[in-house]
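**Q** Okay, handing you the structure first.
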Amino acid sequence: MGRRFSAPYLSEPVSRLASWSRNLAVFAVVAVVMSIIIFRFGFLEIKPALATFFGALACAGLSILVGLIGAAAIWQSGARGMSRILLAFLIDALLLAYPAYLGLQYRQLPAIHDITTDPIDPPRFEALARLRSGDGANPAVYAGLYSAEQQRIAYPDIEPVELELPVERAYEITLRLVTRRKWLIIDERPPQPPRRIGRIEAVARTPIMGFREDVSIRVSPDDEDSRVDIRSASRYFESDLGSNAARVRKLIDDLNTAADAESLKPAKKPAQPAKKPPAKTVKK
Numbered sequence: 000m001g002r003r004f005s006a007p008y009l010s011e012p013v014s015r016l017a018s019w020s021r022n023l024a025v026f027a028v029v030a031v032v033m034s035i036i037i038f039r040f041g042f043l044e045i046k047p048a049l050a051t052f053f054g055a056l057a058c059a060g061l062s063i064l065v066g067l068i069g070a071a072a073i074w075q076s077g078a079r080g081m082s083r084i085l086l087a088f089l090i091d092a093l094l095l096a097y098p099a100y101l102g103l104q105y106r107q108l109p110a111i112h113d114i115t116t117d118p119i120d121p122p123r124f125e126a127l128a129r130l131r132s133g134d135g136a137n138p139a140v141y142a143g144l145y146s147a148e149q150q151r152i153a154y155p156d157i158e159p160v161e162l163e164l165p166v167e168r169a170y171e172i173t174l175r176l177v178t179r180r181k182w183l184i185i186d187e188r189p190p191q192p193p194r195r196i197g198r199i200e201a202v203a204r205t206p207i208m209g210f211r212e213d214v215s216i217r218v219s220p221d222d223e224d225s226r227v228d229i230r231s232a233s234r235y236f237e238s239d240l241g242s243n244a245a246r247v248r249k250l251i252d253d254l255n256t257a258a259d260a261e262s263l264k265p266a267k268k269p270a271q272p273a274k275k276p277p278a279k280t281v282k283k
């Protein structure tokens, strides 16, 4: 019985527009994955990788347009292929969801790319400066007072980290946290007399596309305690979509947590000298 009713439907031709919509969606996914791979592993520079990425998003948009036209044609002709269109729409929605979220972030967040806990005297990029001299790269010097004011409005919680620890111990904790994040450490200088200021320069990468964002950390003494200043800046683009602020904020939280755990450790008791056994008296 079921076969009798389904036979007329199966005899209908499959909409070519439905097939094109699905094929374009699949091609868009492949192109996005390829653009991410070729950039993360250094096969191409940022501009051709971005061109491939946005071209893939354009294919996803074209897939939606072709699918809508195909759905209208199927409604009129009764041809098959609606399942292919629905599959294409699902793929396109998954592919475009994250870029749409980033577009919303772009509209809501300030167009800045250089975040620091100390806008007056930000940690410098010294070893990293030569890596920020390529075509289209942001300069190594701090972005300036306009960026500082925009940061103050958007991220008022980003402030210097005051730790009740000696500067040497604060530097060790900071370096351990940087290593745990698997950032590429370019330079590390532990605090040495007479100034006793420690510096760490490293390269972090964004989770998906792997864009490089440079980090400079300064650990300086504050009497018996210490102060940690952090700077994170995108190597490319005028807007970081909040990624640098999120990185600095997370490192601040981890530093405070590690310092609290350090202060809760019981103090080591000084080793007691071994007691000498009493001298034996020899009876004569």
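Going by numbering that gives the first Met the number 0, the first residue of the sequence shown is number 0, and it counts up by one from there.
Where is the CB? At the ideal position from N, CA and C, for every residue including glycine.
1) Using the beta-carbon count (16 or more within 10 Å), is R15 buried or exposed?
2) Please determine, among E148, I36 and K249, the residue with the shortest C-alpha to C-alpha distance to V160.
3) What number of angstroms, rounded off, separates the C-alpha of R198 from the C-alpha of E187?
4) Label S132 either buried or exposed according to how many other C-beta atoms from any shown protein chain fall within 10 Å of its C-beta, with 16 as the threshold for buried.
5) Of all the options E44, N22, W74 and V218, which has the alpha carbon lying nearest to the alpha carbon of A169?
6) For A257, I'd like the list of residues in its chain whose CB is within less than 6 Å of its CB, leaving aside the five on either flank, ordered along the chain.
7) As a quick exercise: from D253, A201, E261 and A260, pick the residue whose alpha carbon is nearest that of A126.
8) DSSP three-state call for I157: helix, strand or coil?
9) With DSSP as the reference, identify every bridge partner of I199, one or two as the case may be.
10) Can you say whether T115 is buried or exposed, counting buried as having 16 or more other CB atoms within 10 angstroms of its CB?
11) Could you give the first and the last residue of the continuous alpha helix (DSSP H) run that contains T115?
12) Can you tell me which of E44, V31 and V25 puts its alpha carbon nearest to the alpha carbon of S62?
13) Take M33 and list the residues in its own chain whose beta-carbon comes closer than 7 Å to its own, dropping the five residues that flank it on each side.
14) To which residues of the same chain is A110 closer than 7 Å at the C-beta, ignoring the five residues directly before and after it?
15) Let me know if F38 comes out buried or exposed under the rule of 16 or more other beta-carbons within 10 Å of its beta-carbon.
16) Given this structure, state the Cα-to-Cα distance separating E212 from R204, to the nearest angstrom.
17) With a threshold of 16 other CB atoms inside 10 Å of the CB of D113, please say whether the residue is buried or exposed.
18) Return helix, strand or coil for R3, following the three-state DSSP convention.
19) Using CA coordinates, which residue listed in A99, P220 and M81 is at the minimum distance from I68?
20) Suppose the cutoff is 8 Å on Cβ atoms and the five residues either side in sequence are ignored; what does the same chain contact list for S18 look like?
21) Taking G241 and Q104 to be in contact with their CB atoms under 8 Å, please state how far apart those CB atoms are, rounded to whole angstroms.
22) Pick from G143, A92, P138 and P98: whose alpha carbon is nearest that of I119?
23) Roughly how far, in whole angstroms, is the beta-carbon of V227 from the beta-carbon of P190, given that I think they are within contact range, below 8 Å?
24) So, helix, strand or coil for D253, using DSSP?
25) Can you check which of these residues, A72, L162 and Y235, is closest to D224 by C-alpha distance?
26) Measuring straight from C-alpha to C-alpha, what distance separates A244 and S231?
27) Quick check for students: name the residue ranges of the beta strand (DSSP E) that lie wholly in the stretch 72 to 154, counting only runs of 3 or more.
**A** On the basis of the data shown:
1) exposed
2) K249
3) 6 Å
4) Exposed, by the Cβ-count rule.
5) It is V218.
6) I172
7) A201
8) coil
9) E187 and I216
10) buried
11) T115 -> not in any alpha helix (DSSP H); beta strand (DSSP E) instead, spanning D113 to T115.
12) V25
13) T51
14) E237 and S238
15) buried
16) Distance between the alpha carbons of E212 and R204: 6 Å.
17) buried
18) No answer about R3 holds up, because its pLDDT of 47 lies below 50 and its placement is not dependable.
19) M81
20) G80 and R83
21) 6 Å
22) G143
23) Wrong, their Cβ atoms sit about 11 Å apart, outside the cutoff.
24) helix
25) L162
26) 8 Å
27) 113 to 115
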